Each structure stands twice: as C-alpha cells, then as structure tokens.
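K.L.:
Please find one structure pasted underneath; my questions will follow.
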Amino acid sequence: MSLFTPHALTLNDMKISFWRPSNSNSNKNEEDAIGHLINHYTNSLQLSELQLFTFAVQAMAKQTTSVDTKGYTTRDMAYAAMGLLSYRLTPNDSDTVFQAIARLSIVNDSNQLLERLLCLWPSPSPTEDTLPTFAPTGSETILRNIADQDQYSTHLWDIKPLCDVVGIGGDKYEPTVIVDRCRGIPIRWKRFPRLNYAKNLTGLSSSISQKIMYSAIIFAAAGFSLFTSAIALLFSTIPFQSNLQQLTIDVMEIIRGIIVPNYLVAVGVYFGVAWVISWFSPWAVRKLCNDSGCSSHLIGFEGTMSLHDLEKTIYGNFNDRLSYTASSTIFTEDLRDKHIRQSDEPNEKNYWKNKFQDLGLPKTHRIFTIVDTGDMTVSVISAERPPVVALISGREGGMLRVLLCSWRFENNCLYRENVVRMRSSLEGQATRNDWLKISLASQGDVNRARLVELKKKKSSTSTSSSSSSLPPPPPPRL
1 MSLFTPHALT LNDMKISFWR PSNSNSNKNE EDAIGHLINH YTNSLQLSEL
51 QLFTFAVQAM AKQTTSVDTK GYTTRDMAYA AMGLLSYRLT PNDSDTVFQA
101 IARLSIVNDS NQLLERLLCL WPSPSPTEDT LPTFAPTGSE TILRNIADQD
151 QYSTHLWDIK PLCDVVGIGG DKYEPTVIVD RCRGIPIRWK RFPRLNYAKN
201 LTGLSSSISQ KIMYSAIIFA AAGFSLFTSA IALLFSTIPF QSNLQQLTID
251 VMEIIRGIIV PNYLVAVGVY FGVAWVISWF SPWAVRKLCN DSGCSSHLIG
301 FEGTMSLHDL EKTIYGNFND RLSYTASSTI FTEDLRDKHI RQSDEPNEKN
351 YWKNKFQDLG LPKTHRIFTI VDTGDMTVSV ISAERPPVVA LISGREGGML
401 RVLLCSWRFE NNCLYRENVV RMRSSLEGQA TRNDWLKISL ASQGDVNRAR
451 LVELKKKKSS TSTSSSSSSL PPPPPPRL
C-alpha cells in the first residue's frame, strides 16, 4: 500500500509516528504518559481514576510547554481536563495551569490529588522539554512531572495523605495551597539544646544502672558523714581545761584511741566501696542517658559533621548513638548497611560534596544536616534556604512524608524547600495546625519566576516605546 493512499491509523500507529518519546537525555523515572493512555483506551491496561487523570494532565502539559510547540491557554487546558471529570467549572483566563487543575481537583475531589502532589518530590534533573526560563518547580513543570516517579521511586497514587487542601492561592507566580489538619515540628538552628532524659526507665539494664548510681552516692555520702563525725569527736577530746576529772580523761582517751580509729576505718571502707562502684558509673550513665527516654528535637545546621564529633557536641561523650537514616533522603541511598536498617558513615572526606554533584542538584542549593534526637538519626539534605519547620503531610512505604519548609514573614507563607521521609512515631510528637499557606515552589524559584516576568515586561515596554518613537514614513512619490 502506498503511503499516499488514505488508510486507517490506530492509536499505536499514531504514537509510533509522532508521539514517540525521545530516548536522548531522558529521565529514568519518567513515565510514558501517552503510551499509558493509549493502552487504557485500547483495553490493554486498566488505569484507575487518579492514574488516568494524572497521565492525561502530564501528557497535555508536555505537549503545551515543549520548546517546539506553542502553548495553549489556561482555558484550553481546563476544558481538556474537565472531560475526564464528573463536575465542571467555568474556566478563568487569569488562572495559571496549576490553579485551573487545582480547582478542578477540589471540585471533583479526585482522590486527593493536591494532597498527594504536595508530598511528591520530583527528580531534580530536568527533562529535555523543560523550558529554561521556567523555575524547576513552577506551575507548568509541576504538572509535567505529576505522573512520574519522584526521587524516592514513588508515584503519586502510592502516597496516603494525612492533611486536607481546602483552598488555592491567587498568586500566579506561586503554586500555593491552603492546608488544614497538618502536623508540624519546628527545626532548631540557633544552637544544640540541652537534652532532657526520662526518669521512669524500665528494663533490667536500666534498673541495674540506677542501683549502681544510687549505691555509689549512698556509700560516698555515708563515708563523708562518718569522716566529719570522726573529726568532730577528735576535736571534742582536746583538753581545753586543766582541772578535769579522771573519768572524763579516761573517756576522752577511749574516744581518741578506739572510737576515732574505728570511724576512720569505716570511712576508708565506705570510700573504697564507692571507688569500686565508680568504675561502673560510666556504663551506668551511658545506659541512663542513652537514646531511650531522650527528649525529641529536630536540630539543623549547614554543612556536615562526623558522627563522632556530632555526638560529643550534643551528648558530651561518644557511645555510638547516632546513625545516618537508611531511606530518608537520596544522599544515603548508597550507604545502607547490609544487615541493619541504617546507613554507614562514609569513608571519603568529600563524599557529600561528590554526591551532591552526582545527583545533579541545582547549584543554588546548599547541604544541610537534620538531627532527630528522639530517633538518634541524622539526615543530610539539600535546599536553597534553611527550612524552619517540618510538616507531616502524608505516608508512604511505612514512613512519613515530611515537608521541610522555609517561612516568609511578608505574606505569612511556607515555601517547600525539600521533602524527606521520617519515622512514623514522629507523628505523635508533632503539633496539629490549622490553615497553613504552603507554596509548592521554593522561595528561590518564586523569586526567579518573578524576575523572568519583570524582564519580559521590561523588554516589551522598551520595544513598544522604541517603535512609537520612530519617525513617520515619508509620503509616497507621485
């Protein structure tokens, strides 16, 4: 059959012809959204409602924000997405793509799409179709990665939200949502706090440790009291008067010769026992002041520090308490222990710096360390600004999804700087908050997006002013 002869095309033929994804410079976590949609509508694959909606949004976002294709308007995007949902809304031309899809999600309650999207942390490596003028977490690029696996190899539908999105922000430069029922824990940056330890410790080792500490104190106090009593008796036998009776002189001789020496022997015995017990005191102190019963804090500082120096700074001694988290961040994925669920300390001096470069993280990011004193774990993260609060927003893979956010005083908004995974027991120690304004973009991304828009307005204004200042064309010659 000739190519110029009209013939029927299937969806798979159309994908092979002009919807085939490019393999060059592709992300390993990137999903073939168009391929999944074709398989769904050809009954080769059954997608859930959330999967169908996210794949459709990602496919449209990639087609409308590519470098070679001129983008459609927000109205077109909203109309196209509404075809997959039960309830419609009137599109608003002033809305961004993120605001339009977010309003559709809230109206239709599409399996808590926004709550899941809030917990998703896309790969930092941009795909080939990413516009260089857009921020990495801008409105369009967030939707372009909505169906892909994030840095933790997790899809959107694998996350169970623990908060509710009740509103959408109106700023077109910030993909902002209003979140209710979200638990948070502050991150301390000023200095390492003084840790408190619980007194009602249970267990055989804790009971033995308490008895060792108490018995050492009791024997030392008894020896000191006997020593002071012996000194007092010795001073009482000094003859300050010459006309003493013989009975009194005999009693004083008995005290000096028999009682005081016996007191001193008892003092030596008590102090000796206390000295022997003191050899076990370091072990007892470490047992009493170990990870169990320690007050929980999140402590942050810029850069990294060896676990030995960090533990001595926080606890005053080293007892191999701290360890790197096994799966909280992408920095320690290559350091996991083969037998224990923790990560080993790197042997290379510049490991964290080299890992930062290998991950392809933005150059504007810096390395920070978060210490969880309750779980005795250390997490290394990258962020542009130091996060001041940890917000528990979801659960996935047996761990919590925690947003590390910075805060801006002018608009009372929290900006998502990073997303990490933490222990489930942290949820009970967090404080519940009402109606938090959270931006899915970081402060740096928002500022860069505003700067790009200002440059565009300035260039358009200068172009219009230069065209208006040109002299009128000469009249035509007769």
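Residue numbers (the UniProt record's numbering): 1 to 478. All residues carry an ideal CB built from backbone N, CA and C; glycine is no exception. Remember, predicted model here, so these are calculated numbers, not experimental data.
(1) Alpha carbon to alpha carbon, what distance is there between V389 and Q357?
(2) For the candidate residues K363, D375 and R395, whose alpha-carbon lies nearest to that of E384?
(3) Just to confirm, are L322 and M399 a CB contact at a threshold of 7 Å?
(4) Beta carbon of A230, beta carbon of Y270: below 7 Å?
(5) Where DSSP assigns a beta bridge to L414, which residues make up the other side?
(6) Give the range of the beta strand (DSSP E) segment to which N433 is assigned.
(7) Indicate whether R116 and P186 have their beta-carbon atoms separated by less than 7 Å.
(8) Taking the alpha carbon of V165 as the reference point, which residue from T237, W157, S215 and C182 has its own alpha carbon closest?
(9) Starting from T163, trace the alpha helix (DSSP H) both ways and give me its first and last residue.
(10) Run the CB neighbour count on residue 481, radius 10 Å, all protein chains shown included, and call it buried at 16 or more, exposed below.
(11) Three or more C-beta pairs closer than 8 Å, one from the region 221 to 228 and one from the region 330 to 337: is that the case here?
(12) Assuming I438 and L404 form a contact by the criterion Cβ under 8 Å, report the distance between their Cβ atoms to the nearest whole angstrom.
(13) Give every residue of the same chain whose Cβ lies closer than 7 Å to the Cβ of A216, excluding the five residues on either side of it in the sequence, and list them in chain order.
(14) Check A147 in the structure and name its three-state DSSP category.
(15) Kindly identify the DSSP beta-bridge partner or partners of K343.
(16) Run through DSSP, which three-state label would I392 get?
(17) If we call anything under 7 Å between Cβ atoms a contact, is C119 one with I146?
(18) How long is the line joining the alpha carbons of Y41 and G35, rounded to whole angstroms?
(19) In three-state DSSP terms, what is F280?
(20) Name the one or two DSSP bridge partners that D180 has.
(21) Hey, Q429 and S296: beta-carbon distance below 7 Å or not?
(22) Under a three-way DSSP split, which group does P186 fall into?
(23) Relative to the ligand PLP, is the shortest distance from any of its heavy atoms to the C-beta of F368 smaller than 6 Å?
(24) Return the CA-CA distance between Q342 and S442, expressed in angstroms with no decimal places.
(25) Report yes if the C-beta distance between F55 and L84 is below 7 Å; otherwise report no.
(26) Relative to the C-alpha of R423, which residue among N350, E348, R416 and A326 is closest?
(27) Can you round the beta-carbon distance between D180 and W407 to whole angstroms, since I take them to be within the 8 Å contact cut?
(28) Between which residues of its own chain and N108 is the CB-CB distance below 7 Å, once the five residues before and five after are set aside?
(29) Beta-carbon separation of A100 and L114 under 7 Å?
(30) Terminal residues of the continuous alpha helix (DSSP H) containing T313?
(31) Can you give me the Cβ contacts of P346 inside the same chain, cut-off strictly under 7 Å, excluding the 5 residues immediately before and after it?
(32) Quick check on this structure: which residue in I38, K211, D150 and I178 has the alpha carbon closest to the alpha carbon of I106?
(33) Please go through the same chain and pick out, in chain order, the residues whose beta-carbon is closer than 6 Å to the beta-carbon of E396, but skip the five residues on each side of it.
(34) Specify the secondary structure class of G300 as computed by DSSP and reduced to three states.
(35) How is the beta strand (DSSP E) around I367 delimited, first residue to last?
(36) Check L400 in the structure and name its three-state DSSP category.
P.N.:
Reading off the structure:
(1) 26 Å
(2) K363
(3) no
(4) no
(5) W407 and I438
(6) T431 to N433
(7) Not a contact, by the Cβ cut-off of 7 Å.
(8) C182
(9) Note that residue 163 is Cys in the sequence shown, not Thr. From DSSP, C163 is part of no alpha helix (DSSP H); its letter is neither H nor E.
(10) Outside the displayed span of the chain (1 to 478) sits residue 481, for which this structure offers no information.
(11) no
(12) In fact, because the Cβ distance is near 12 Å, the residues do not count as touching under 8 Å.
(13) A274, I277, S278 and S281
(14) coil
(15) Position check: residue 343 holds Ser in this sequence, whereas Lys was assumed. In the DSSP secondary-structure assignment, S343 is bridged to Y324 and R336.
(16) strand
(17) No, the pair does not count as a contact, with Cβ atoms beyond the cut-off.
(18) The alpha-carbon atoms of Y41 and G35 are separated by roughly 10 Å.
(19) coil
(20) D164
(21) yes
(22) strand
(23) Among the ligands in the structure shown, none appear at all, so the ligand PLP cannot be discussed.
(24) 30 Å
(25) no
(26) A326
(27) Their Cβ separation, rounded to whole angstroms, is 18 Å, which puts D180 and W407 out of contact at 8 Å.
(28) L85, S86 and Y87
(29) no
(30) L307 to Y315
(31) Excluding residues up to 5 positions away in sequence, L335 lie with their Cβ nearer than 7 Å to the Cβ of P346 in the same chain.
(32) I178
(33) T154, D158 and I159
(34) strand
(35) Counting along the chain, I367 sits inside the beta strand (DSSP E) bounded by residues R366 to D372.
(36) strand
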